[in-house]
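In this note's numbering, the protein residues as written are 1 to 533. Glycine is no exception: its CB is placed at the ideal position from the N, C-alpha and C atoms. This one's a predicted model, so the numbers in the text were calculated from it and none came from an experiment. In what follows, a single structure is set out as structure tokens and then discussed.
Shown next as structure tokens:
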């Protein structure tokens, strides 16, 4: 009827009304065919036909969807009603008959790798893929496209299936449905149909993928297939090298959840006992030589070639500086993870944030630094309610990501006893940071007064001997003294340093005693506020 005018005249004749060239519900009912275009009938359920919503029921006309009419005339252009996020993937060559339609749940790895796995599961069937649309017309267009072209319909979601979509899957067993997600979806929200599950555990792009996308093999970069596609776009958008494109890719994800630090410190800036310094150098060497040990030498990387280190010790003892030194020695950027931005009260969001961090860090090869790590890597609690159960799931998921990560991760904690034992078993290098001894304190005091800074009669021996404080406190006190002296445009003196120490003691509520401050005690004995100048 849609493509043959002569048939339109026949339909009008059956209606006895030349104004009705299309079949109506009344005519189809008389012919015993109305069930085909009922809301649950195959034609409407699959989006192949439309029924006019206006007018008396018997006079409502029935027409083929425009996409079907064009398809019958040999036009294979995509339906304009498809959601903009939808994309069509060509079919792999089929050497066997495509399997019968079934709901398949595919999870793990990255989105592009999951799509590749779906294509392997159904050779000869193309794919139409995209997130679940909110618009019913867009969903109908997706279903129609899958039916007309014999494609597998892939729904990409990490937030579970909307109820309307689950009902549509239940009503359309003719369609080969796939639900693609980073993690397993809750069983409670799945459609009431027969389904199978496929886990994609390895998503790293191989040389064949690099050759297909960029026309060249990998230089050792470990990207998943989705990241490789993003690098391709970045190169098309102006990035001059693959390395630049990868750094840009990583920065986009990491900068929202972590603070990038370009390492400033060198090994000579660290003031630590000899054995701790040796441990840190061993950590850098372990990361640098891991490809040799796990490659030609044949040692087993179980389950990944990544390196996890724990820096434990009181605040100010050099944990952050040590992480910077190692990153600088390896020629890598250091990303300090913002735990406030990672941990979310919303179920599933913490895991998504962790995925973004670890995936981007793997792509760009950066050092991840989790400060106050016990907030995220703390001991699992006894389960007393749903919140405890979910918090323990977050810890378990974090363990999995640590195990699979091929890069360098540094966990820093002030309270090592709070770290979950499951994490300690995965730590390759454990470094204890203790408050410095007197000789080291003197070296730290000396290092924190630059050669160009004017100083007058600083008694560094007195400061090192009398004040048992960590390097971070020494640095802050020296800096405070510099600002006090600069305000009056004079050299830095002992009185300035003592007042700087007073401010540091006030920060942490520490008592100032005559035994420590000795002859300078009168300068710091009280907390009277001086009048503003």
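Using alpha carbons as the reference points, say which of the options lies closest to residue i.
i: residue 355; options: 111, 325, 206 and 137; result: 111
i: residue 474; options: 348, 326, 483 and 317; result: 317
i: residue 266; options: 225, 304 and 322; result: 322
i: residue 82; options: 65, 55, 73 and 72; result: 65
i: residue 53; options: 401, 108, 367 and 25; result: 25
i: residue 274; options: 440, 7 and 486; result: 440
i: residue 47; options: 79, 58 and 74; result: 79
i: residue 534; options: 519, 350, 236 and 483; result: Residue numbering for the chain in the displayed model covers 1 to 533; residue 534 lies beyond these limits and cannot be assessed.
i: residue 361; options: 449, 402 and 324; result: 402
i: residue 145; options: 134, 61, 125 and 163; result: 125
i: residue 434; options: 468, 148, 424 and 497; result: 468
i: residue 415; options: 371, 225 and 122; result: 371
i: residue 191; options: 156, 168 and 210; result: 168
i: residue 457; options: 277, 498, 187 and 438; result: 498
i: residue 476; options: 462, 491 and 505; result: 505
i: residue 133; options: 500, 163 and 123; result: 163
i: residue 115; options: 86, 12, 140 and 5; result: 86
i: residue 198; options: 208, 257 and 183; result: 183
i: residue 256; options: 288, 471, 241 and 352; result: 352
i: residue 161; options: 523, 429, 148 and 187; result: 187
i: residue 443; options: 432, 425, 420 and 471; result: 471
i: residue 466; options: 452, 450, 489 and 438; result: 438
i: residue 149; options: 70, 156 and 225; result: 70
One question on the structure: do residue i and residue j come within less than 9 angstroms of each other, judged by their Cβ atoms?
i: residue 105; j: residue 185; result: yes
i: residue 272; j: residue 436; result: yes
i: residue 422; j: residue 311; result: no
i: residue 259; j: residue 374; result: no
i: residue 367; j: residue 332; result: yes
i: residue 520; j: residue 494; result: yes
i: residue 342; j: residue 357; result: yes
i: residue 143; j: residue 179; result: no
i: residue 363; j: residue 227; result: yes
i: residue 23; j: residue 9; result: no
i: residue 230; j: residue 214; result: no
i: residue 348; j: residue 200; result: no
i: residue 480; j: residue 503; result: yes
i: residue 49; j: residue 63; result: yes
i: residue 565; j: residue 264; result: One cannot answer for residue 565 here, as it falls past the ends of the chain, which runs 1 to 533.
Buried or exposed, going by whether 16 or more other CB atoms sit within 10 Å of the CB of residue i?
i: residue 19; result: exposed
i: residue 280; result: buried
i: residue 531; result: Residue confidence is low: residue 531 scores 37 on pLDDT, short of 50, so the model does not pin down where it sits. No coordinate-derived value is stated.
i: residue 172; result: buried
i: residue 313; result: buried
i: residue 103; result: buried
i: residue 177; result: buried
i: residue 508; result: exposed
i: residue 514; result: exposed
i: residue 517; result: buried
i: residue 335; result: buried
i: residue 445; result: buried
i: residue 407; result: buried
i: residue 487; result: exposed
i: residue 245; result: buried
i: residue 491; result: exposed
i: residue 299; result: exposed
i: residue 113; result: buried
i: residue 95; result: With a pLDDT of only 45 at residue 95, under the threshold of 50, the placement of this residue in the model should not be trusted, and no figure is reported.
i: residue 289; result: exposed
i: residue 170; result: exposed
i: residue 483; result: exposed
i: residue 287; result: buried
i: residue 276; result: buried
i: residue 206; result: exposed
i: residue 4; result: exposed
Would residue i count as contacting chain D if we go by Cβ distances under 9 angstroms?
i: residue 480; result: Judged by its chain identifiers, the structure shown contains no chain D, having just a single protein chain.
Return the bridge partner residues of residue i from the DSSP annotation.
i: residue 107; result: 181 and 199
i: residue 61; result: 24
i: residue 413; result: 312
i: residue 326; result: In DSSP, residue 326 forms no bridge with anything.
i: residue 49; result: 64
i: residue 334; result: 261 and 367
i: residue 307; result: 408
i: residue 432; result: 312
i: residue 204; result: 224
Point to revise | Whole alpha helix (DSSP H) elements within the stretch 243-295, 4-residue minimum | key: 274-288 and 290-294
Practice item. Would you mind listing the alpha helix (DSSP H) stretches within the stretch 438-502 that are 4+ residues and don't spill past its ends, in chain order? Key: 438-447, 460-466 and 471-487
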